[in-house]
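Report on one structure; see the data block that follows.
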Ligand SMILES: Nc1ncnc2c1ncn2[C@@H]1O[C@H](COP(=O)(O)OP(=O)(O)O)[C@@H](O)[C@H]1O
Ligand SMILES: [Mg+2]
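Numbering (this note's numbering), first residue to last: 72 to 309.
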């Protein structure tokens, strides 16, 4: 089953075109990567797909719904962790989870989620006192509180040390194992290669190519997605 169908999506801010005709399909149960350099338009695609931004053109169906006109219904089934996610410094882990759960008619059991994501020992910790890795765990748990079937994760591992990054990769795989479809936005090609079933490589508001990491690596006659990206674009990721 196709859970996301985007065709010809366009979005401009003022004079600049951020998304210039993006089309992609995400199938149920997969980890789908949207990968590309900073400024490529990745976050804008996610914002248009979750109804946080109005698109200028193209069609978008997510779980069979239009994210703008059916936004309320959509957000009942979708979890979103945004790139600039933040919580009040003083809020405690369990307070944040309880508060998010209160926003849904049929939330997941937030205590069980807290346990499952290893947060129970830190339930009284204040947000500001958590390390980057623990904050990300909390953001993942918060994205799952509505018991979503589809989750968007935007640059979840940016700013994490290598150990915390690896741990987070395990958590993302665990999400897929629970049957959740994951859209993973990243500017790390190694991350997309390690985690994603399929990847769309986005640059300057367009999808350059999409397929499984193995297909893209073969297409670039390369040995890694990072080198394939270089072969396909002539550019380094940075
Ligand atoms: N709110 C905004 N106002 C104006 N320009 C924006 C805004 N958000 C993003 N942009 C611009 O749109 C382009 C794509 O941004 P974004 O979708 O955030 O890309 P990415 O997530 O791939 O880094 C960039 O050139 C960025 O500067
Ligand atoms: Mg972004």
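Think of the CB as a built atom: it goes at the ideal place given N, C-alpha and C, for glycine as much as any other residue.
Check                                                                                                                       : Outcome
Burial state of residue 183 (16 or more Cβ within 10 Å)                                                                     : exposed
Residue 194 and residue 165 closer than 7 Å at C-beta                                                                       : yes
Classification of residue 239 by the beta-carbon crowding that lies within 10 angstroms, buried from 16 upward              : buried
Rounded Cβ spacing between residue 218 and residue 102 (contact assumed at less than 8 Å)                                   : Between residue 102 and residue 218 the Cβ distance is about 19 Å, and since that is not below 8 Å, they are no contact.
Inter-stretch contact at 8 Å, needing at least 3 Cβ pairs: the segment 110-119 / the segment 74-89                          : yes
Collapsed DSSP secondary structure at residue 293 in the structure displayed                                                : coil
Ordered list of alpha helix (DSSP H) runs contained in the segment 119-167, each at least 4 residues                        : 142-146
Residue 133 to residue 145 span [Cα, whole Å]                                                                               : 8 Å
Span of the alpha helix (DSSP H), counted from its first residue to its last, around residue 189                            : Residue 189 -> no alpha helix (DSSP H), and no H or E assigned at all.
DSSP three-state assignment for residue 261, whether helix, strand or coil                                                  : helix
Heavy atom of ligand 2 within 6 Å of residue 239 beta-carbon                                                                : no
Quiz: which residues have CB nearer than 5 Å to ligand 1 non-hydrogen atoms                                                 : 84, 89, 109, 110, 111, 112, 113, 114 and 115
Span separating the alpha-carbon of residue 175 from that of residue 250                                                    : 20 Å
Neighbourhood of residue 75 by C-beta distance below 6 Å, restricted to the same chain and skipping five residues each side : 97 and 133
Assigned secondary structure, residue 306 (DSSP; H/G/I helix, E/B strand, else coil)                                        : coil
Ranges of the beta strand (DSSP E) found wholly within the segment 178-249, counting only runs of at least 3                : 221-225
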